[in-house]
Structure formats: C-alpha cells, structure tokens
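Novice:
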Amino acid sequence: MNWPLIIFFLGFVSIFALRLPIALGMLMTSIFYLAAASGPGAVIEMFAEKVLTNLEAKYIIIAVPLFVFMANVMNTGKITDMIFRFANAVVGRRKGGLGHVNVIASIIFSGMTGSAVADASGLGMMEIKAMKEYGYDDGFSCAITAGSATIGPVFPPSIPMVFYAMLSGTSIGNLFLGGMIPGLLLGAALMVYVAFIANKRDYPLGFKYTKREILVITIKAFPALFSVIVLLGGIYSGVVTPTEAGALASFYAIIVAVFVYRALGWKTLWQSITETVKTTGTLSLIVGCAFTFSFIVSREHIPDFAANLLLSMTQDKYVLLLFINVIFLFLGMFIDTSTLTVVFIPIVLPLVELLGIDFVHFGVVVVLNMMIGLSTPPFGMLLFITSGISDTPLKKVIREILPMLLPMILVLLLVTYVPEIVLFLPKLFGY
Amino acid sequence: MFKKRLMKALQVIVDIIEIYIPSISFIIMFSAFILQIFYRYFLNNPLTWPYEITVFGFMWTALFGALYAKRKGGHVKFTLVYDHLSPLKQLVMRLVGNSLICISFIIGFYPAYDYIMYLEYQKSTVLFIPYHIVYFPFLIFLLGTIIRLIIDIVEDISILKDPSRHNEVVKR
Numbered sequence: 311m312n313w314p315l316i317i318f319f320l321g322f323v324s325i326f327a328l329r330l331p332i333a334l335g336m337l338m339t340s341i342f343y344l345a346a347a348s349g350p351g352a353v354i355e356m357f358a359e360k361v362l363t364n365l366e367a368k369y370i371i372i373a374v375p376l377f378v379f380m381a382n383v384m385n386t387g388k389i390t391d392m393i394f395r396f397a398n399a400v401v402g403r404r405k406g407g408l409g410h411v412n413v414i415a416s417i418i419f420s421g422m423t424g425s426a427v428a429d430a431s432g433l434g435m436m437e438i439k440a441m442k443e444y445g446y447d448d449g450f451s452c453a454i455t456a457g458s459a460t461i462g463p464v465f466p467p468s469i470p471m472v473f474y475a476m477l478s479g480t481s482i483g484n485l486f487l488g489g490m491i492p493g494l495l496l497g498a499a500l501m502v503y504v505a506f507i508a509n510k511r512d513y514p515l516g517f518k519y520t521k522r523e524i525l526v527i528t529i530k531a532f533p534a535l536f537s538v539i540v541l542l543g544g545i546y547s548g549v550v551t552p553t554e555a556g557a558l559a560s561f562y563a564i565i566v567a568v569f570v571y572r573a574l575g576w577k578t579l580w581q582s583i584t585e586t587v588k589t590t591g592t593l594s595l596i597v598g599c600a601f602t603f604s605f606i607v608s609r610e611h612i613p614d615f616a617a618n619l620l621l622s623m624t625q626d627k628y629v630l631l632l633f634i635n636v637i638f639l640f641l642g643m644f645i646d647t648s649t650l651t652v653v654f655i656p657i658v659l660p661l662v663e664l665l666g667i668d669f670v671h672f673g674v675v676v677v678l679n680m681m682i683g684l685s686t687p688p689f690g691m692l693l694f695i696t697s698g699i700s701d702t703p704l705k706k707v708i709r710e711i712l713p714m715l716l717p718m719i720l721v722l723l724l725v726t727y728v729p730e731i732v733l734f735l736p737k738l739f740g741y
Numbered sequence: 003m004f005k006k007r008l009m010k011a012l013q014v015i016v017d018i019i020e021i022y023i024p025s026i027s028f029i030i031m032f033s034a035f036i037l038q039i040f041y042r043y044f045l046n047n048p049l050t051w052p053y054e055i056t057v058f059g060f061m062w063t064a065l066f067g068a069l070y071a072k073r074k075g076g077h078v079k080f081t082l083v084y085d086h087l088s089p090l091k092q093l094v095m096r097l098v099g100n101s102l103i104c105i106s107f108i109i110g111f112y113p114a115y116d117y118i119m120y121l122e123y124q125k126s127t128v129l130f131i132p133y134h135i136v137y138f139p140f141l142i143f144l145l146g147t148i149i150r151l152i153i154d155i156v157e158d159i160s161i162l163k164d165p166s167r168h169n170e171v172v173k174r
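Read top to bottom, the protein sequences are chains A and B. Numbering (the numbering used here) for the first sequence: 311 to 741. Numbering (the numbering used here) for the second sequence: 3 to 174.
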C-alpha cells in the first residue's frame with residue numbers, strides 16, 4: 311500500500327473538511343507526505359525549496375500585487391467614482407439604465423484591474439446604492455453587480471490569467487488578447503438580460519444628461535479612463551511588459567488620484583498598501599504552496615490517472631471540454647478561484663495538451679468558467695460580497711442570479727466550441 | 003506595569019514584522035519597477051539591479067504579508083462543512099486542524115532552516131545578496147504561524163474546559 315499517497319489524500323480532504331486555510335493546509339499535507347515518502351527524490355526540505363525557488367523564478371506572478379494595488383488605489387482614489395459617473399452619463403438614460411451602467415462600468419473597470427472582488431466591493435457599493443435609490447429590486451441590484459464583476463478577470467488584465475500563464479507557460483500577452491472578445495460578449499449578454507428584465511418589471515428610465523453635461527463628465531473622467539490606455543496600450547505597444555504595466559498603471563493611478571481628483575492622502579495610500587500586502591500574502595502563499603503540491607501530484611502520476619479516467623469515458627475533445635467545463639463549474643461553486651487554478655489546472659493540463667486543445671483557448675475558457683462559478687450559488691464569493699456590502703438578504707440575491715447564469719453559461723459554451731472567438735485577436739497579433 | 007510594557011513592546015515588534023517590513027518591501031519593489039521603466043525608456047539606459055530588487059521585494063512582501071493575512075484572518079478557507087456545525091463541534095474542528103498544521107510546521111521547521119542556511123554561499127548575480135537572506139522570511143513565516151496557532155489552540159482549549167462557553171461563536 312502506498313502510505314505517502316494515502317497521507318497526501320487524507321491531508322487534501324482535511325483541508326476542506328476541517329476548514330484549514332488552503333495555503334497552510336497544502337503546506338501541511340506536503341510536509342506529512344514528504345516525511346512519509348522520505349527517500350531518493352523526496353526529502354522534507356523540498357517543501358521549502360519548492361515554495362521559495364518557484365516564487366523567485368516565476369517572475370510573472372509579481373504582476374499580481376501590482377494589479378491588486380492598482381485596484382485598491384482606484385477604489386480609494388475616486389477613480390472608480392469617475393468611471394461610474396461616465397458610464398451613467400453615456401448609457402444611463404435608457405430603460406433599466408442603471409443596470410446597463412453597472413455592466414459598462416465593470417467593463418471599463420476590468421480594463422484597469424484584474425480582480426472581480428475589487429470590482430464587486432469597490433464599484434459595486436456605488437452601483438447597488440444608486441440602483442436601490444432608483445427603485446430597482448435589492449436582489450437584482452446585487453445580482454447584476456455580481457454578474458458584471460465576473461467580466462473583470464476575463465477582460466485583460468486578469469489575475470487568474472497570470473496564474474494560468476505561470477502554470478502552463480502560455481504567453482500572458484496572448485491570454486489577455488484572447489480574453490477581450492469573450493469579456494465583451496459576456497457584457498453584451500448581461501446587457502440583453504438587463505433589457506429583458508427592465509421591460510418585464512418596468513424599471514425606470516435613467517437621468518437624461520444634456521450633450522454639454524456628457525461632455526463635461528467625459529472630460530472630468532478622462533484622466534481615470536486613460537489608465538486603460540496606459541495599461542493595455544503599454545503592453546501591446548511593447549513599451550512595457552505586463553508586469554511593468556501593472557506598476558506603471560498603478561503609478562499613473564496614484565498621480566491621478568492625488569493631483570487630479572485630490573482624493574488620496576498619505577493615510578489612504580498607506581491603507582491601500584497594507585491591504586495590498588494582505589492580499590499578496592494570501593494569494594502568493596497559495597501559489598507558492600501549490601508548487602509543492604503540484605510536485606507531489608506529478609510525482610504520484612495523478613494527472614496521468616485523471617487523463618486516463620476521462621479518456622476512458624470519451625476521446626472526443628469537445629465532449630471532454632464539456633466534462634471539464636462541468637467539473638470546473640461545479641468546483642467553482644464551492645472552491646476559491648486561486649485554489650481551483652493552482653491545484654486543479656495542473657491536473658488537467660496534460661490531457662488538454664494530449665487532445666491538441668490550444669492553451670490560450672483553454673485558459674480563457676477555464677477563467678471564464680471559474681468566474682461564473684464566483685457568482686454561482688450556494689457559495690459564489692461575489693454573492694456574499696454584494697449581499698454583505700448592501701445589507702441585502704442572500705436569498706434575494708440567489709433568486710435573482712439563477713436566471714442570470716443562463717446567458718453567462720451560453721457565452722461559456724460559445725467560447726468553448728468556437729475557439730476563434732478567443733484566438734482571433736491573438737492571431738491578428740501574430741500568435 | 004512591567005507586563006503591560008512588555009506586551010506593548012511585543013506588539014510593536016509584531017507590527018514591524020507583519021505590517022511595516024512587508025509594506026516597505028512592497029514600496030521598494032514598486033519603486034524599483036518605476037525606476038527600471040524610467041531608465042530603460044526615457045534615459046535609454048537599462049539597469050540590471052532592479053530585477054533582483056523587484057523579485058526579492060516581492061518575496062519579502064509575500065512571506066511577511068502571509069503572516070499579516072493570518073493575523074487578519076485573510077487566508078482563504080473552505081467553510082461549507084464548518085458553517086453548518088454547532089459552536090462546540092466547530093471548536094473541536096479548529097483544535098484538530100490547528101494542531102495538525104502546527105505539528106507539520108514544527109516537523110518542517112528544522113529541514114527548512116537547514117535548506118535555507120545551506121544557501122549561505124550562493125549569491126544573487128548582480129547585487130551578490132546571499133540567498134539565505136532572501137529566503138529567511140520563510141522561517142519567520144513558519145515560526146510566526148506556529149506561534150499564532152499555539153495561541154489559538156490554547157484559547158480554544160480554555161473554551162473547551164469551560165462548559166459555559168461551549169456555545170460561544172468564535173470568529174477566527
């Protein structure tokens with residue numbers, strides 16, 4: 311009997327059964343496994359070696375704290391506020407206007423940060439408050455905020471895509487390009503849904519701005535909107551790498567928040583830094599510990615086992631993509647995105663390679679899938695966030711999000727089975 | 003009075019380790035990035051050392067930041083089973099879980115120390131910083147986590163010993 315593998319399996323189960331912090335639980339499991347498997351090719355100190363050398367070598371991961379920092383600066387430095395006002399002036403006048411504003415603001419915000427949580431907790435607070443004031447249902451306001459926040463990590467930049475690029479060796483630039491059309495499609499699908507609901511429930515028309523007012527708001531919002539150009543323009547013009555773009559755009563956001571909007575002081579800047587440190591500690595540790603975990607997973611040939619199991623059911627790559635989608639959607643309902651990425655993606659990657667599925671395509675599909683999981687009951691994190699920041703009962707949010715998942719899943723299926731939706735832009739740029 | 007002062011001094015040390023060092027590491031990492039971009043694109047004079055500073059700054063931010071995340075209860079957990087249990091069962095679950103992690107970290111501490119100290123003579127290519135200094139925060143992280151876990155375990159044992167507190171909901 312392979313005792314180390316049994317210990318590894320028990321440790322893995324205990325992470326979820328005993329509510330252990332995922333990163334610490336992975337480290338614990340790895341230590342117990344390495345202690346039991348001690349011998350050639352496995353010694354206890356390997357847990358430290360794997361965490362440290364991988365954190366040092368995977369340079370792209372440094373983009374994560376920079377994107378997190380940028381989101382924090384934007385949320386505290388009035389930049390988010392400006393984006394909301396701009397979106398409201400442009401699309402707010404129509405029926406159910408604030409629902410559309412919610413989606414458009416999220417698309418713009420997603421072009422600046424790569425975090426759904428930052429979108430839901432920063433921009434979301436403003437959006438839900440405005441929607442409630444205008445007579446929208448509490449549950450719908452929260453649900454559309456959660457739904458639109460999922461666009462964040464699909465449209466570039468994206469923290470989950472950084473993790474995926476690191477694990478699969480895929481170009482982060484191509485992944486970001488690949489996420490653009492699916493992100494916009496997701497936004498369009500949500501806007502169609504909002505229009506349908508707004509007509510059905512007779513939601514109010516939004517405030518109508520004059521052309522002059524729209525112009526003034528646009529001019530005021532321009533410095534905030536320009537951060538998208540700094541970030542994406544910087545990356546695709548080749549001036550900066552994706553990691554450097556995170557630093558440059560954060561620097562730009564600080565300048566705008568301090569000198570243009572005068573909304574960021576030393577105290578709030580320090581708060582943004584400490585908040586970034588906390589999030590960096592959480593995410594980076596999960597990634598670091600997952601490398602030890604992945605080492606054990608591949609040492610025990612678990613990806614081969616998973617591949618054989620799935621291949622024994624079918625060898626059709628489209629059916630297998632459906633399987634993988636269903637598995638990830640299901641896991642995404644319960645497990646945090648970062649854990650899902652770093653623990654489960656390495657298990658299916660060999661199979662993806664074997665079937666000749668493009669890594670950029672698969673990366674975008676799996677990120678889109680996990681984002682839908684983030685707003686799927688019963689444990690989608692975005693549902694808790696939107697319900698928490700607006701004091702809305704979770705039940706109401708869940709009731710409203712369920713039908714909204716349908717257009718989101720339709721987009722997922724479209725992106726899964728029409729790879730050109732993802733690959734068109736990367737190919738245009740020479741992929 | 004002495005105990006109060008001692009606690010205050012300890013709190014300052016803990017704040018330095020968990021908040022100030024990672025925050026300063028982040029600021030240094032961030033500044034190195036900006037400097038790197040400025041020198042490369044505006045002065046056409048690429049620098050080599052910011053690469054190491056950004057990587058090492060990131061590692062210090064991440065490892066000390068992980069301690070801060072533990073203090074703030076920020077680490078990601080799977081709460082589906084736990085949330086449906088009574089406070090007493092949750093307490094038992096915390097005790098078992100924390101003890102398991104604590105034991106594993108104690109087992110792993112010396113091998114990790116041994117590995118990191120072994121790197122004393124290996125230096126970074128540009129700034130010649132010995133790797134045991136770069137990786138040292140990992141030991142602080144392990145030690146800090148062990149201490150925090152022991153504090154949690156002791157607190158949970160005291161609740162377990164007192165039946166009147168068995169229904170106490172602990173948010174940790």
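Even for Gly, the Cβ is constructed at its ideal location relative to N, Cα and C.
1) In the structure shown, what three-state DSSP assignment does A/A573 receive?
2) Going by the DSSP bridge assignment, what does A/P352 pair with across the sheet?
3) Taking only beta carbons into account, state which residues of the segment 563 to 591 of chain A come closer than 9 Å to chain B, listed in chain order.
4) Looking at the structure shown, is A/L515 part of a helix, part of a strand, or coil, going by DSSP?
5) Quick check on the DSSP output: the alpha helix (DSSP H) that includes A/H410 runs from which residue to which?
6) Between A/I637, A/Y628, A/V707, which lies nearest to A/V728 when the distance is taken from Cα to Cα?
7) For the ligand ATP, I want to know if A/L664 counts as a neighbour, meaning its beta carbon is within less than 6 Å of at least one of the ligand's heavy atoms.
8) Please classify A/A559 as buried or exposed, where buried requires at least 16 neighbouring CB atoms within 10 angstroms.
9) Any Cβ of chain A within less than 7 Å of the Cβ of B/P89?
10) Specify, as a first and last residue, the run of the alpha helix (DSSP H) that A/L558 falls within.
11) According to a CB-to-CB cut-off of less than 8 Å, which residues of the segment 100 to 127 of chain B neighbour chain A?
12) Rounded to whole angstroms, what's the CA-CA distance from A/L650 to A/M435? Just pull it up for me.
13) Identify the contact partners of A/D701 in chain B, using a Cβ-Cβ distance below 7 Å as the criterion.
14) Between the segment 394 to 407 of chain A and the segment 577 to 585 of chain A, do three or more beta carbon pairs fall short of 8 Å?
15) To the nearest whole angstrom, what separates the beta carbons of B/V128 and B/W51, a pair I think is in contact under 8 Å?
16) In chain B, which residues lie with their C-beta within 9 Å of the C-beta of A/S481?
17) Measuring only between beta-carbons, confirm whether A/F326 sits less than 7 Å from chain B.
18) Using a Cβ-Cβ distance under 7 Å, would B/T81 count as near chain A?
19) Terminal residues of the continuous alpha helix (DSSP H) containing A/M718?
20) Can you pull out the residues from the segment 348 to 376 of chain A whose beta carbon lies closer than 8 Å to at least one beta carbon of chain B?
21) Between the segment 647 to 680 of chain A and chain B, which residues of the former have CB atoms less than 9 Å from a CB of the latter, in chain order?
22) Have a look at A/G598 and A/S697 and give me their C-alpha separation to the nearest angstrom.
23) Tell me which residue opens and which closes the alpha helix (DSSP H) that A/T390 is part of.
24) If you draw a straight line from the alpha carbon of A/T553 to that of A/A373, how long is it in whole angstroms?
25) Based on DSSP bridge pairs, tell me the residues matched to B/K125.
26) Please go through the segment 613 to 687 of chain A and give each complete alpha helix (DSSP H) segment of 4 or more residues, from N-terminal end onward.
27) Checking contacts by CB at 7 Å: is B/T50 closer than that to chain A?
28) Three Cβ pairs or more, each shorter than 8 Å: is that satisfied between the segment 369 to 383 of chain A and the segment 484 to 496 of chain A?
29) Are A/L535 and A/A555 closer than 7 Å when you measure CB to CB?
30) Checking 7 Å against the spacing of the C-beta atoms, do A/A426 and A/T460 come in under that value?
Specialist: In terms of the structure at hand:
1) Here residue 573 of chain A refers to the residue found at position 263 when the first sequence is read from its first residue. Coil, per DSSP.
2) Translated into positions along the first sequence, residue 352 of chain A becomes position 42. According to the sequence as given, residue 352 of chain A is Ala; it is not Pro. Answer is A/G349.
3) W580, I583, T584, T586, V587, K588, T589, T590, G591
4) The sequence position of residue 515 of chain A within the first sequence is 205, counting from 1. In the structure shown, A/L515 sits in a strand (DSSP, three-state: E or B).
5) For this step, residue 410 of chain A is matched to residue 100 along the first sequence. Element bounds for A/H410: 407 to 420.
6) Position 418 of the first sequence, counted from the start, is the residue given in the question as residue 728 of chain A. Per the Cα distances, A/Y628.
7) This structure lacks the ligand ATP; in fact it carries no ligand of any kind.
8) In the first sequence, counting from the first residue as 1, residue 559 of chain A sits at position 249. Buried, by the Cβ-count rule.
9) Position 87 of the second sequence, counted from the start, is the residue given in the question as residue 89 of chain B. Cβ-Cβ to chain A under 7 Å: no for B/P89.
10) In the first sequence, residue 558 of chain A corresponds to position 248, counting from 1. First-last of the alpha helix (DSSP H) with A/L558: 552 to 565.
11) L102, I103, S106, F107, I109, G110, P113, A114, D116, Y117, I118
12) On the first sequence, residue 650 of chain A is found 340 positions in, with the first residue counted as 1. On the first sequence, residue 435 of chain A is found 125 positions in, with the first residue counted as 1. When rounded, the distance between both Cα atoms is 27 Å.
13) Position 391 of the first sequence holds residue 701 of chain A. Under the 7 Å cutoff, chain B gives no residues; its nearest Cβ is about 19 Å from A/D701.
14) no
15) To locate residue 128 of chain B, count along the second sequence from 1; it is residue 126. To locate residue 51 of chain B, count along the second sequence from 1; it is residue 49. Sure, about 5 Å apart at Cβ, within 8 Å.
16) Translated into positions along the first sequence, residue 481 of chain A becomes position 171. Those within 9 Å of A/S481 in chain B number zero; the least Cβ separation is about 20 Å.
17) Residue mapping note: residue 326 of chain A aligns to position 16 of the first sequence, counting from 1. So yes, A/F326 belongs to the interface.
18) Position 79 of the second sequence, counted from the first residue, corresponds to residue 81 of chain B. Closer than 7 Å to some Cβ of chain A, the Cβ of B/T81 qualifies, so yes.
19) Reading the first sequence from its first residue, position 408 is the one you call residue 718 of chain A. Start and end: 704 to 727.
20) V353, I354, E355, F357, A358, E359, V361, L362, L365, E366, Y369, I371, I372, P375, L376
21) Per Cβ criterion, the list reads S648, T649.
22) Within the first sequence, residue 598 of chain A is the residue found at index 288, counting from 1. Within the first sequence, residue 697 of chain A is the residue found at index 387, counting from 1. The alpha-carbon atoms of A/G598 and A/S697 are separated by roughly 31 Å.
23) Indexing the first sequence from 1 puts residue 390 of chain A at position 80. That run of the alpha helix (DSSP H) goes 389 to 401.
24) Looking up residue 553 of chain A in the first sequence gives position 243. Looking up residue 373 of chain A in the first sequence gives position 63. Taking the straight line from one Cα to the other gives about 4 Å.
25) In the second sequence, counting from the first residue as 1, residue 125 of chain B sits at position 123. Looking at the DSSP assignment, B/K125 forms a beta bridge with B/P132.
26) List check, alpha helix (DSSP H) in window: 627 to 644, 655 to 664, 669 to 684.
27) Position 48 of the second sequence, counted from the first residue, corresponds to residue 50 of chain B. B/T50 does not count as touching chain A.
28) no
29) The residue labelled residue 535 of chain A in the question sits at position 225 within the first sequence. The residue labelled residue 555 of chain A in the question sits at position 245 within the first sequence. Contact flag unset, no.
30) Mapped onto the first sequence, residue 426 of chain A falls at position 116. Mapped onto the first sequence, residue 460 of chain A falls at position 150. Their beta carbons are under 7 Å apart, which means A/A426 touches A/T460 by this criterion.
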